[in-house]
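There are 2 protein chains.
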Amino acid sequence: MATLPKSERTKARVLREALALAGSVGFSGLTFGTLAEQAGISKSGLFAHFESKEDLQIQTLHLAEDMFVDRVLRPAVQEERGAPRIRRLFDGWMDWIQSGAEPRGDILTSAAFEFDDAPDGPMRAAVVAGHGKMQGTIERLARQAVEAGQFNRKLDPAQFAFEFLGVVHAHHHARRLLRTDQHARRARAAFERLLATCMA
Amino acid sequence: MATLPKSERTKARVLREALALAGSVGFSGLTFGTLAEQAGISKSGLFAHFESKEDLQIQTLHLAEDMFVDRVLRPAVQEERGAPRIRRLFDGWMDWIQSGAEPRGDILTSAAFEFDDAPDGPMRAAVVAGHGKMQGTIERLARQAVEAGQFNRKLDPAQFAFEFLGVVHAHHHARRLLRTDQHARRARAAFERLLATCMA
DNA sequence: TGAAGAAAAGCACGATCGGTCGTAGCATCG
DNA sequence: CGATGCTACGACCGATCGTGCTTTTCTTCA
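Protein chains in written order, with our numbering: chain A, 4 to 203; chain B, 4 to 203.
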């Protein structure tokens, strides 16, 4: 079997550790020192793979995005177009939030909140780009639901995406701040209400 | 004229600077060094007024809360009970968000997002307590609207508060992440939709 | 006015941060 | 096999952090 070059294997391992670390202390708390310790490598050894902290953050973020696509987006898209697909996206996202390590929850939403007030830079740009993609995806699903005749013809897909993300974020935030899962119920109720008002 | 003791005046001045600073760099970015520079006082001089950074953060947070009560809550409560009062709260809050210095916006919501994943401590507890008070206030307003016959009798006030806060937070977040005010429109639409479904 | 006490300054500490540098060892490939 | 180049190391840097300790300066009030 064609084993990957050692450097690639090391890097992949380090990146997995970085993702776990970012999941528990955030991307800003993802320091070279702690990551080096956790990964069993020297701090300076990390610089062979990541040219700066920002570089490390971005690569870790991309790994998280790939995981989100695998675990949430792809399963949703396998559902049939329209409301079922949207429901599945919501369900998957709720699970994804709950599967995230305490106390951070959804690492992508965490990043969005963490960098929304950061000075401009590559990491912030990556976060904004990710958000834009998500917004676009939800808009597309909403448009499909309109075309399928399930959503009201006068529905603004962008407005739907804004509110959909709002519900997801509200759950994420309540879970982090109050440290209970009881708000999943409220988020689901809000989502159902949102769906109901979108139906004809 | 009975002038306040000088120390009190100094402390009040420093606290105002601290609030401005926290508004632009967050409570975690509120460091003794930068605050000392901004307030024209020495770093160690600050210790005469604040026994620790946490103490400084908490006192600054309380000042912000007082301002929120003055500028948003009190005007709302002067409106008549029920839907008008709730509308006024929402309007005032939107203005409050927009009046906040770029890029942070509402400093209280900022703090909620900043400390929701922080380790337990006095500051986090203060933030959680503030959130609880806000949630309780909104619940009360919703109950009043039910009693006034404006909201559906079957409405769950806690659910309403959850969604109300969700809309406010969604606007706050979108404004910070995307750095435009165009989402005020979306937030308002979401709020109107929320109100509409609460009406009988 | 002068004594007592508080406010502020000055200085230094240990820790942690992101990051650099020279070097040694080991994997890779001709 | 042997040369080359990447990987990883340890030491170290300057900056910044929160927070002591000591000393000076200024307020306050009898």
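Backbone N, C-alpha and C define an ideal beta-carbon position, used for all residues, glycine too. All values reported here derive from a predicted model rather than from experimental measurement.
How about the stretch 190-202 of chain B and the stretch 159-178 of chain A: do they share at least three Cβ pairs that are nearer than 8 Å?
-> yes
Who are the Cβ neighbours of residue 10 of chain B in its own chain at under 7 Å, not counting the five residues just before and after it?
-> Position 7 of the second sequence holds residue 10 of chain B. The same chain holds no residue with a CB closer than 7 Å to that of residue 10 of chain B once the five nearest residues on each side in sequence are set aside.
Which word fits residue 4 of chain B, buried or exposed, when buried means at least 16 other C-beta atoms lie within 10 angstroms of its C-beta?
-> Counting from 1 along the second sequence, the entry for residue 4 of chain B is found at position 1. Its pLDDT being 40, under 50, residue 4 of chain B is placed unreliably in this model, and the coordinates cannot settle the point.
Based on the DSSP secondary-structure assignment, which residues constitute the bridge partners of residue 154 of chain A?
-> If you number the first sequence from 1, residue 154 of chain A lands on position 151. Looking at the DSSP assignment, residue 154 of chain A forms a beta bridge with A:202.
Residue 102 of chain B vs residue 29 of chain B beta-carbon contact at 8 Å | Taking the first residue of the second sequence as position 1, residue 102 of chain B is located at position 99. Taking the first residue of the second sequence as position 1, residue 29 of chain B is located at position 26. In this structure, residue 29 of chain B does not lie closer than 8 Å to residue 102 of chain B by Cβ.
Which one of A:13, A:14, A:181, A:44 has the shortest CA to CA distance from residue 116 of chain B?
-> In the second sequence, the residue the question calls residue 116 of chain B occupies position 113. Selected option, being the one with the closest Cα: A:181.
7 Å Cβ cut-off: residues of chain A touching residue 170 of chain B | To locate residue 170 of chain B, count along the second sequence from 1; it is residue 167. Result: 169.
Which same chain residues, not among the five before or five after residue 192 of chain A, have their C-beta less than 6 Å away from its C-beta?
-> Looking up residue 192 of chain A in the first sequence gives position 189. Nothing meets the Cβ criterion.
Determine the closest residue to residue 57 of chain B out of B:87, B:159, B:35, B:39, with distance taken between C-alpha atoms.
-> What you label residue 57 of chain B is simply residue 54 of the second sequence in a count that begins at 1. Among B:87, B:159, B:35, B:39, the Cα nearest to that of residue 57 of chain B belongs to B:35.
Does the stretch 82-101 of chain B come close enough to the stretch 146-166 of chain B to have 3 or more Cβ pairs within less than 8 Å?
-> Touching, per the Cβ criterion.
Under the rule that 16 or more other beta-carbon atoms within 10 Å means buried, what is residue 174 of chain B, buried or exposed?
-> In the second sequence, residue 174 of chain B corresponds to position 171, counting from 1. Looking at its Cβ environment, which holds 16 or more other Cβ atoms inside 10 Å, residue 174 of chain B is buried.
Ranges of the alpha helix (DSSP H) found wholly within the stretch 110-153 of chain B, counting only runs of at least 4 = 110-118, 125-150
State buried or exposed for residue 63 of chain A, treating a residue as buried only when at least 16 other CB atoms are found within 10 Å of its CB.
-> Position 60 of the first sequence, counted from the first residue, corresponds to residue 63 of chain A. Per the 10 Å Cβ criterion, buried.
Selection from B:149, B:15, B:111, B:31 that minimises the alpha carbon distance to residue 134 of chain B | Here residue 134 of chain B corresponds to residue number 131 of the second sequence, with the count starting at 1. Looking at the Cα atoms, B:111 is the closest of the given residues.
N-terminal and C-terminal residue of the alpha helix (DSSP H) that residue 80 of chain A is part of | Along the first sequence, one-based indexing puts residue 80 of chain A at 77. It spans 77-80 - the alpha helix (DSSP H) in which residue 80 of chain A sits, taken as one unbroken run.
Within-8 Å CB hit, residue 184 of chain B to chain A = Walking along the second sequence from the start, residue 184 of chain B turns up at place 181. Judged by the 8 Å Cβ criterion, residue 184 of chain B is not in contact with chain A.
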